[in-house]
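Q: For reference, the structure I am asking about is given below.
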Amino acid sequence: MQASAYSSIAPLAKPVISTSSKTLENPPVEDMLNHILKKLPDLKISQEEAHIRTNEQLAQINASMLHLSSHLFQAEQRVSDLEDAKSKRETGTSQIQVELEEIQLKRDKAENRSRRPNLTFVRIPEDYEATSTVTKVISDLIYRHILPDRATASAGLTIIRVLNSRLALVAESSRTEREFETRHRDSWRTVEVVAATAQRPRFINK
Numbered sequence: 001m002q003a004s005a006y007s008s009i010a011p012l013a014k015p016v017i018s019t020s021s022k023t024l025e026n027p028p029v030e031d032m033l034n035h036i037l038k039k040l041p042d043l044k045i046s047q048e049e050a051h052i053r054t055n056e057q058l059a060q061i062n063a064s065m066l067h068l069s070s071h072l073f074q075a076e077q078r079v080s081d082l083e084d085a086k087s088k089r090e091t092g093t094s095q096i097q098v099e100l101e102e103i104q105l106k107r108d109k110a111e112n113r114s115r116r117p118n119l120t121f122v123r124i125p126e127d128y129e130a131t132s133t134v135t136k137v138i139s140d141l142i143y144r145h146i147l148p149d150r151a152t153a154s155a156g157l158t159i160i161r162v163l164n165s166r167l168a169l170v171a172e173s174s175r176t177e178r179e180f181e182t183r184h185r186d187s188w189r190t191v192e193v194v195a196a197t198a199q200r201p202r203f204i205n206k
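Residue numbers are given in the UniProt record's numbering: position 26 of the sequence shown equals residue 26, and the series is strictly consecutive.
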């Protein structure tokens with residue numbers, strides 16, 4: 001009975017010991033091979049399913065990577081656009097600052113000029129600058145034509161600077177602007193008289 005019990009668990013049983021002969025016996029090889037062959041289809045199906053699942057997971061990972069790459073590219077593009085906009089704003093701010101400084105400088109100059117009742121005479125020959133003859137001619141122009149109700153004396157008329165054939169003189173303010181022709185050494189020369197008030201100076205530069 002013991003021998004029949006051991007023989008019933010073949011072919012997968014381990015080598016058994018026969019109680020009668022006391023020798024080691026191997027199970028039949030054919031039975032073992034048949035058993036393995038029966039299991040192969042199941043193993044193959046399981047392997048194919050695992051391969052399919054792996055491919056599906058890889059495809060999902062690839063899709064996720066493509067999605068992330070697209071978002072990353074869009075983010076980089078937005079950062080680049082922001083940097084360009086920042087650079088343009090900085091450049092525009094610098095230009096505005098320069099223009100503002102120029103405007104402030106012009107305003108300061110205008111304010112400084114408006115504090116003085118200036119008369120600017122242009123086209124005066126250089127060899128006659130700051131001479132008594134020029135002073136007398138200009139004085140006559142001012143007090144005879146611009147301010148006829150004033151005395152003809154040149155009191156208050158002072159040459160303050162000579163620059164590039166231009167005489168700048170300080171005199172009393174007047175709102176009249178005229179152009180006169182004066183004869184000097186038998187030649188006609190134009191003397192432009194610009195009268196500036198303290199509130200709104202006017203200048204002629206030619």
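Here a beta-carbon is modelled for each residue, glycine too, at the ideal position from N, C-alpha and C. If you're wondering where the values come from, they're calculated on a predicted model, not measured in any experiment.
What would DSSP say about P28, mapped onto helix, strand or coil?
A: Correct three-state label for P28: coil.
Q: How long is the line joining the alpha carbons of K38 and Q57, rounded to whole angstroms?
A: Their Cα atoms are separated by approximately 30 Å.
Q: Here's the rule I'm using: 16 or more other beta-carbon atoms within 10 Å means buried, otherwise exposed. How should V134 be labelled?
A: With 16 or more Cβ atoms within 10 Å of its Cβ, V134 is classed as buried.
Q: Exposed or buried, which one is V137 when buried takes at least 16 other CB atoms within 10 Å?
A: Classification for V137: buried.
Q: Using the Cα positions of I45 and L33, report the straight-line distance between them to the nearest angstrom.
A: In a straight line, the C-alpha of I45 is about 19 Å away from that of L33.
Q: Work out the CA separation of E49 and S70 for me, nearest whole Å.
A: Each residue's Cα considered, the two are about 32 Å apart.
Q: What does the alpha-carbon distance come out to for the pair P28 and A59?
A: Answer to the nearest angstrom: the Cα atoms are 47 Å apart.
Q: Within the same chain, show all residues whose beta-carbon is closer than 8 Å to that of N112, passing over the 5 residues directly before and after it, in chain order.
A: Within the same chain, N112 has no close Cβ partners at all.
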